[in-house]
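2 protein chains.
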Amino acid sequence: MVTAPPVPAKRRKSASWTQDPEGVRRDILAVARAEFVENGLSGARVDEIAAKTSNSKRMIYYYFGDKEGLYRAVLEEAYARIRTFERSLDLAALPPREAIATLTGFTFDYHADNPDFVRLVMIENIHHARHLATSTKISVLNLSAIDMIREVYERGLAEGVFREGLDPIDIHLTISALSFYNVSNQASIRQVFGHDMAAPAARERRRRSAIETVLRMVCR
Amino acid sequence: MVTAPPVPAKRRKSASWTQDPEGVRRDILAVARAEFVENGLSGARVDEIAAKTSNSKRMIYYYFGDKEGLYRAVLEEAYARIRTFERSLDLAALPPREAIATLTGFTFDYHADNPDFVRLVMIENIHHARHLATSTKISVLNLSAIDMIREVYERGLAEGVFREGLDPIDIHLTISALSFYNVSNQASIRQVFGHDMAAPAARERRRRSAIETVLRMVCR
DNA sequence: GACCAATTGAACTATCCCGTACAATTGGAA
DNA sequence: TTCCAATTGTACGGGATAGTTCAATTGGTC
Numbered sequence: 001m002v003t004a005p006p007v008p009a010k011r012r013k014s015a016s017w018t019q020d021p022e023g024v025r026r027d028i029l030a031v032a033r034a035e036f037v038e039n040g041l042s043g044a045r046v047d048e049i050a051a052k053t054s055n056s057k058r059m060i061y062y063y064f065g066d067k068e069g070l071y072r073a074v075l076e077e078a079y080a081r082i083r084t085f086e087r088s089l090d091l092a093a094l095p096p097r098e099a100i101a102t103l104t105g106f107t108f109d110y111h112a113d114n115p116d117f118v119r120l121v122m123i124e125n126i127h128h129a130r131h132l133a134t135s136t137k138i139s140v141l142n143l144s145a146i147d148m149i150r151e152v153y154e155r156g157l158a159e160g161v162f163r164e165g166l167d168p169i170d171i172h173l174t175i176s177a178l179s180f181y182n183v184s185n186q187a188s189i190r191q192v193f194g195h196d197m198a199a200p201a202a203r204e205r206r207r208r209s210a211i212e213t214v215l216r217m218v219c220r
Numbered sequence: 001m002v003t004a005p006p007v008p009a010k011r012r013k014s015a016s017w018t019q020d021p022e023g024v025r026r027d028i029l030a031v032a033r034a035e036f037v038e039n040g041l042s043g044a045r046v047d048e049i050a051a052k053t054s055n056s057k058r059m060i061y062y063y064f065g066d067k068e069g070l071y072r073a074v075l076e077e078a079y080a081r082i083r084t085f086e087r088s089l090d091l092a093a094l095p096p097r098e099a100i101a102t103l104t105g106f107t108f109d110y111h112a113d114n115p116d117f118v119r120l121v122m123i124e125n126i127h128h129a130r131h132l133a134t135s136t137k138i139s140v141l142n143l144s145a146i147d148m149i150r151e152v153y154e155r156g157l158a159e160g161v162f163r164e165g166l167d168p169i170d171i172h173l174t175i176s177a178l179s180f181y182n183v184s185n186q187a188s189i190r191q192v193f194g195h196d197m198a199a200p201a202a203r204e205r206r207r208r209s210a211i212e213t214v215l216r217m218v219c220r
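Keeping their order, the protein sequence lines are chains A and B. Under UniProt numbering, the first residue of the first sequence is numbered 1, with each subsequent residue one higher. Under UniProt numbering, the first residue of the second sequence is numbered 1, with each subsequent residue one higher.
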């Protein structure tokens, strides 16, 4: 008669296995982001995220505390990315008109290319931006984008190509609205009007329209 | 000795109480709408809706089948309302420029005055407009708004006040984007830029900007 | 008044789902 | 090697949650 071995040869992942906390974090974050983007904060399931990770649910709680902590981390990463994008623009090198056109085009493209970001912002707004408010990593007041626009706008005023009386915030809101809406409301636009804004032709057409609209708004 | 009354005086709601299915439906719908708008589809709780109703949870399932059926009913009502609003506009009576300005102003106001509608549309888009797609009561193709714009646009072309080459869809998308974004993203705008778009002064300023922007877009 | 279909109430269930207890393993410091 | 703190796996608990069961009540019709 053979007794079962006392330790039933519990398999290690590989012969000699190294810990990789950063890798684990990144893996979890990527999966979590996809789940939150797809299902929202309430709709996402921690068990589902864990299952799609190469790690166990225990890790999520170890690294992120709870579901909201995980969501906050996803949100922080998304905002960090767009801040990086914004900083990468060098509008000061361009004449005012071209600067505004370039900014609008890039903003439009960033939104169209990153629907995940757009959906996260939608989800966060459904929650009244409660997590943006409590996050310590997301600097609450981000005025660099506005400052960039102000610099260009004043240059355009000085050169006499822009009309007076505009608020940089207003310019920013217009650019954002024209970039955000097509992506955020893509599904309902398709249902109600039968137009697929994600199709290359429609997207390109809309992009040109956005740039033209913003230029007509600011130019004399 | 007095025996307890055979039926222990189970209290009727009032002396003589009448059934009112339509009232029950309306009551449930109003409460459900508030809950869905506040918490989203996944976040809303049927028990919570039932508790805030003057009826029991049983009624919700009796009249609406399940949670999604209730949500669909809320959505259908919201879309029915904005269709009514759209039909109430009589742009044909106005000269083209004024017609576009009026349409933009009214659309802006409708969104600002009905954040519930805006949030429902956001929520529906998070769910990829799946319920808009399956609803039988919401006519999937709603082209009346587009047709209205096309009529005005062609009138403006004929009179030589509008520039050529625009797509009515594009005009509609621009008006919608400029009306929707301030409301849908109100919370994140406040967090990130410290601006409260719901404040009367900011709202009025933005309204004027939207009208001006659309006019500059379409006019020669 | 009797009967039936529409409506309603109260308690219940099965499942889902977030989070935790506890033990085990690992890497590195001494 | 030894020991400790940082990680990680397994199994489970407790409460929330959508939806149901079953019977009772109601209003209208004959």
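Where a beta carbon is used, it is the ideal one built from N, C-alpha and C, also for glycine. Bear in mind that the values here come from a model prediction, so they are computed numbers and not experimental data.
Contacts with chain A at 7 Å (Cβ-Cβ) include B:D170. Remark: three or more beta-carbon pairs, one from each stretch, lie closer than 8 Å, so the stretch 68 to 85 of chain B and the stretch 115 to 123 of chain B are flagged as touching.
Those residues of the stretch 38 to 56 of chain A placed with their C-beta closer than 8 Å to a C-beta in chain B are N39, G40, L41, S42 and G43, ordered along the chain. Considering only beta carbons, the part of the stretch 115 to 138 of chain A lying closer than 9 Å to chain B consists of R119, V121, M122, I123, E124, N125, I126, H127, H128, A129, R130, L132, A133 and I138, in chain order. Interface annotation, A:A32: not in contact with chain B, CB-CB separation never under 7 Å. Bounds of the alpha helix (DSSP H) holding B:V121 are P115 to I126. The residue from A:E98, A:P95 and A:F106 with its alpha-carbon nearest to that of A:R87 is A:F106.
With three or more CB-CB distances shorter than 8 Å, the stretch 124 to 134 of chain A counts as touching the stretch 179 to 193 of chain B. Residues of the stretch 59 to 93 of chain B that bring their beta carbon within less than 8 Å of a beta carbon in chain A are absent altogether. Listed in chain order, the positions of the stretch 176 to 196 of chain B with a beta carbon within less than 8 Å of a beta carbon of chain A are S176, A177, L178, F180, Y181, N182, S184, N185, Q186, A187, S188, I189, R190, Q191, V192, F193, G194 and H195.
The C-alpha of B:R216 lies about 16 Å from the C-alpha of B:A177.
Counting only unbroken stretches of 4 or more residues, the alpha helix (DSSP H) elements lying wholly within the stretch 130 to 215 of chain A are 130 to 134, 144 to 158, 168 to 184 and 186 to 193, in sequence order. Only buried fits B:E35, as 16 or more other CB atoms lie within 10 angstroms of its CB. Residue contact with chain A for B:S209: present (Cβ-Cβ distance below 7 Å to some residue of chain A). Non-local beta-carbon contacts of A:Y63 in its own chain, meaning distances under 6 Å to residues more than five positions away in sequence, involve R25 in chain order.
Rounded to the nearest whole angstrom, the C-alpha separation of A:H172 and B:D167 is 24 Å.
Here the C-alpha atom of A:L29 lies approximately 24 Å from the C-alpha atom of A:F180.
Note on geometry: alpha-carbon atoms of A:R207 and B:N114 lie some 28 Å from one another. Relative to B:L94, the option among B:A198, B:A210, B:I49 and B:M148 whose CA is nearest is B:M148. Within its own chain, the residues whose Cβ lies closer than 7 Å to the Cβ of A:R203, once the five positions on either side in sequence are excluded, are A112 and M197, listed in chain order.
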